[in-house]
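> Pasting a structure here, questions to come.
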Amino acid sequence: MENKMTAQVSQGKVASDGLVGMIFLLASEGMFFAGLISAYIVNRAGAMEWPPANQPRLPIEVTAVNTFILLLSGFFIVRFRMNNRNSQTEAIKSKGLIKLSLLLGLIFLIVQGSEWVRLLHFGLTTRSSLYGAFFYTIIGAHGLHVFAGLLTLLYLSNKLKKQVGFNMKSIIDSCSIYWLFVVVIWPVLYYLVYLS
Amino acid sequence: MENGQHQQSFIQKYIFSTDHKVIGMQYAINGLLMAIAGGFLAYVFRYNLAFPGKDIPLFGQLSPMQYNTFITNHGMIMVFWVGMPLLLSSLGNFLIPTMVGTDDMAFPTLNMLSFWIFFVSSIVLLLAFFVPGGAYGGGWTMYPPLSANAYMNPNPDFFQALFSGASLMLLAVALEFVAMLMGGINFVVTTINKRAKGMTAFRIPLIVWFIDIASVIFMFAVGPLVAGAFMLLLDITVGTGFFDAARGGDPILWQHLFWFFGHPEVYVLLLPSLGVLGEILPVFSRKPLFAYKSIIYMALFSAVLSVVVWAHHQFVSGIDPRMATFFSIGTIIISIPFAGIFLAFMATLWGGSIKFTTPMLFALGFIGLFLVGGLTGLFLGSNAFDIYAHDSYFVVAHFHYTLFPDIFFGFFAAFYYWFPKFVGKDLDKTLGKIHFWLTTIFFNLTFFLLFFNGLAGEHRRINNYSFFGNVNKEPYTTFEKICTVGAILLILSQFVFVINLIKTLRSGKKAAKNPWNATTLEWVTDSPPKHGNFDTFPVVYRGPYEYSVPGCNEDYLPQNQEN
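So the protein lines, in turn, are chains A and B.
When you number the first sequence by numbering that gives the first Met the number 0, it's gap-free, plus one each residue, and the end is 195.
When you number the second sequence by numbering that gives the first Met the number 0, it's gap-free, plus one each residue, and the end is 562.
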């Protein structure tokens, strides 16, 4: 029997399904971080002293370098998106940028992890003070998002090895915008938790 | 890209199916099963309230701790495991693809995953009854310090704390939200990207609009609650102390995070039901929906307002009076768009040739009963009155008068209306009407008198009023007994529905393609629609509510009819 279903006459797409869906997911994610940040600001405003006297300081300089690394990773993703705006064969050509982005993201995560180990060693734990609790919760939540973002980049670069599929645009759009979200939210968190 | 031609095994077809209709069915069945659990809990604690200390038939003795557990889980189950799946997920899954004229959701696999995560969340919630210490019993809002203290000590044993009632409830809620988020993304993307040709924004049926608006409100509001739940879970399992005042934390913070989601959730549940009315009222009064565009604008307006009214739940938690005034005003303003929507529904009925079919009866019953809930809400929105009535049975009666019509009348209206389409058999009309009248009468018997008990100062969440002189006297003790009798009869009258369902499934007449002479796209295809919904994709030429158009042979013009 002839397949009548494949060609739906539709009203037309606003953007790829993956992009539209990911925008709504990221709106929700943004509100999740907004919730954490507002909780942090409220508790901090009510605290006697912040940061508490007996708690170690956060590694501002190392993290500044690390921030730069993550931003660079985001830059490569933007370059990747700009390269393949027109055709998907170009996407396959420029998949090296994804790998670069992935590598930088991995470095970011490893540096963050090693800083955590040092801080734990200095006595900043989830139970030592609210300062520590908020630090590990907010930065940890972001770290989990970075980890998930690395997995999506890995998935994307694997997909690009093969031939162009019918929903390739959806996958490229959603994976790259997710990573961009993870990158863009980091400076905000860095400013609020480390600097201010 | 299979379209019903190739053979699928039973498991592919009915268990791990990616077909939106099967998933809608799974959500409906899961929701109704959870309603049985929630109803049973209600029966047990209602019986205990009327006859404290007596043995409860089918249960036995109810300890005060169990009483707390039961009311907590009754609330949780009815809102998140009955209301959400029945109204949002089930209706959304059935209706959105068929009404916008496409074959399936934008992400069918995600859709399947959504249901199975929801299923796991129901299991996790019920599992909490069987862990040491039992399910959580500190009220469905899970306020700390009670919730955080459930296992709080400086060094909680992680696994012991993780398998406490409070943690399991938080985990279940988190899983449920993941499921709803996946569903919501699917609904919105399907509506935006997969509409049939000609289905412009203002030709989309009202219910699709409303389910999408509800999904967007949900996605926007759920983030902070997930953040709060994450922090509370860390408090319980790791011992962080975010909500522990002794360590500098702030217990009120949880209330803000909770109600920032908790209040919009009310509109997440309300909007799909209003959408059901938007479909049913025009069909059975044979008139176009009055002020279709304005209704959508008012819903959008209420969606914006819904996220700035949350603190009206916290008038007695120690809130700055200036803030309380702000939230009072916001709360009272939000009744304006809903009053507008109800007015438009009234105007739709005005002068129509009304047919009192079962779905129409439930729709009209919804309007009447919800009015009582909505008007008492206006009183409670004013903080001066709320401080007196807070946490009393007045509040209990108020939100049952809103949520019961919303969840059950809304769902039953939709059920009786779309059952012929999606199951393909006609339900028994007489049994349906009996079901409606019994439900309406016994619902009022259950909840109306509670308003008076509440005004007399009867506090909720107390298992035995013998020690409260102000309410342990006539007529309030009699009122309690009447409420309990009403609740039992209300539950029993649902058997009429079950009998109708069984009878129809066994020997129901095959339903016609368009039994109600309705205009929207789901009535164009077969009953039930096959895998892929349409033989040829419909093209849309007109709006969804063209009834009694002058100069036409029929009194309705389907959306896909040219000229």
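The beta-carbon is built from N, C-alpha and C at its ideal position, and this holds for glycine as well.
This structure is a prediction, so every number in the text was calculated from the model and none was measured.
#1: Taking any Cβ of chain B, which residues in the segment 105 to 133 of chain A have a Cβ under 7 Å from it, in chain order?
#2: Would you report the Cα separation of K196 of chain B and E278 of chain B, rounded to the nearest angstrom?
#3: Using the beta-carbon count (16 or more within 10 Å), is H120 of chain A buried or exposed?
#4: Mark C551 of chain B as exposed unless 16 or more other C-beta atoms lie within 10 angstroms of its C-beta, in which case mark it buried.
#5: Using a C-beta cutoff of 8 Å, does A226 of chain B count as contacting chain A?
#6: Smallest Cα separation from L500 of chain B: which of B:Y415, B:E553, B:V306 and B:A362?
#7: Measuring only the C-alpha atoms, how far is F128 of chain B from A173 of chain B?
#8: Which residues in chain B have a C-beta closer than 9 Å to the C-beta of S9 of chain A? List them in chain order.
#9: Mind the definition here: the segment 248 to 262 of chain B touches the segment 62 to 71 of chain B only if three or more C-beta pairs lie below 8 Å; say whether that holds.
#10: Any beta-carbon of chain A closer than 8 Å to the one on M141 of chain B?
#11: Going by Cα to Cα distance, which pick from A:Y130, A:R80 and A:A46 is closest to S100 of chain A?
#12: One question on the structure: do F566 of chain B and G409 of chain B come within less than 8 Å of each other, judged by their Cβ atoms?
#13: Of all the options B:P131, B:P320, B:G30 and B:L90, which has the alpha carbon lying nearest to the alpha carbon of S121 of chain B?
#14: Return helix, strand or coil for N2 of chain A, following the three-state DSSP convention.
#15: For T239 of chain B, decide whether its Cβ has a neighbour in chain C, counting only Cβ atoms nearer than 8 Å.
#16: What is the C-beta distance between I184 of chain A and F32 of chain A, in whole angstroms, given that I count them as a contact (C-beta under 8 Å)?
#17: Run through the DSSP bridge pairs and tell me what H312 of chain B is partnered with.
#18: For I55 of chain B, name the three-state secondary structure that DSSP assigns.
#19: Confirm, please, whether the CB-CB distance from L360 of chain B to Y400 of chain B is below 8 Å.
#20: Following the continuous alpha helix (DSSP H) through T124 of chain A, name the residue where it begins and the one where it ends.
#21: Pick helix, strand or coil for S391 of chain B, following the three-state DSSP scheme.
#22: Using the beta-carbon of each residue, which ones in chain B are nearer than 7 Å to L35 of chain A?
#23: If you run the structure through DSSP and keep just helix, strand and coil, what is Q4 of chain B?
#24: Roughly how many angstroms separate the alpha carbons of L194 of chain A and G148 of chain A, rounded to a whole number?
#25: Tell me the DSSP bridge mates of K509 of chain B?
#26: Tell me where the alpha helix (DSSP H) around A34 of chain B begins and ends.
#27: Thinking just about the alpha-carbon of each residue, which of A:D172, A:G95, A:L57 and A:A14 is nearest to the one in S156 of chain A?
#28: Can you say whether L150 of chain A is buried or exposed, counting buried as having 16 or more other CB atoms within 10 angstroms of its CB?
#29: Cutting at 6 Å between CB atoms, please list the residues of its own chain near D425 of chain B, excluding the five before and the five after it.
#30: Just tell me which of B:F229, B:A171, B:I22 and B:A362 has its CA closest to the CA of G182 of chain B.
#31: Please state if the CB of A147 of chain B and the CB of D234 of chain B are separated by a distance shorter than 8 Å.
#32: Indicate whether at least one CB of chain A lies closer than 8 Å to the CB of A310 of chain B.
#33: When the cut-off is 8 Å and only beta carbons count, does E198 of chain A lie next to chain B?
#34: Who does S9 of chain A pair with in a DSSP beta bridge?
#35: Does the CB of R321 of chain B have a neighbour CB from chain A at under 8 Å?
#36: Which residues does DSSP pair with H458 of chain B in a beta bridge?
In short, the structure shows the following:
#1: Listed by position along the chain: T125, R126, L129 and A132.
#2: 21 Å
#3: exposed
#4: It is exposed - the Cβ of C551 of chain B has fewer than 16 other Cβ atoms within 10 Å.
#5: True, the Cβ-Cβ gap to chain A drops below 8 Å.
#6: B:Y415
#7: Taking the straight line from one Cα to the other gives about 18 Å.
#8: G100, T101, N192, K193, R194, A195, K196, M198 and F536
#9: no
#10: no
#11: A:R80
#12: Residue numbering for chain B in the displayed model covers 0 to 562; residue 566 of chain B lies beyond these limits and cannot be assessed.
#13: B:G30
#14: Because N2 of chain A carries a pLDDT of 38, less than 50, the predicted location of this residue cannot be relied on, and no value is offered for it.
#15: Chain labels in this structure do not include chain C; the protein chains are A and B.
#16: Their Cβ separation, rounded to whole angstroms, is 6 Å, which keeps I184 of chain A and F32 of chain A in contact under 8 Å.
#17: Answer is none; H312 of chain B lacks a bridge partner.
#18: strand
#19: no
#20: If you look at T124 of chain A, you'll find it isn't in any alpha helix (DSSP H); DSSP assigns it neither H nor E.
#21: strand
#22: Listed along chain B are A226, each with a C-beta nearer than 7 Å to that of L35 of chain A.
#23: Caution is warranted here: a pLDDT of 48 is assigned to Q4 of chain B, below 50, making its placement in the model unreliable, and the coordinate value is therefore given only provisionally. Looking at Q4 of chain B - three-state DSSP - the assignment turns out to be coil, as it is neither helix nor strand.
#24: 25 Å
#25: For K509 of chain B, the beta-bridge partners assigned by DSSP are B:K424.
#26: H19 to A49
#27: Per the Cα distances, A:G95.
#28: exposed
#29: P419, G507, K508 and A510
#30: B:I22
#31: yes
#32: no
#33: Past the boundaries of the shown model lies residue 198 of chain A; chain A is included only from 0 to 195, so the question cannot be answered.
#34: B:A195
#35: no
#36: B:S391
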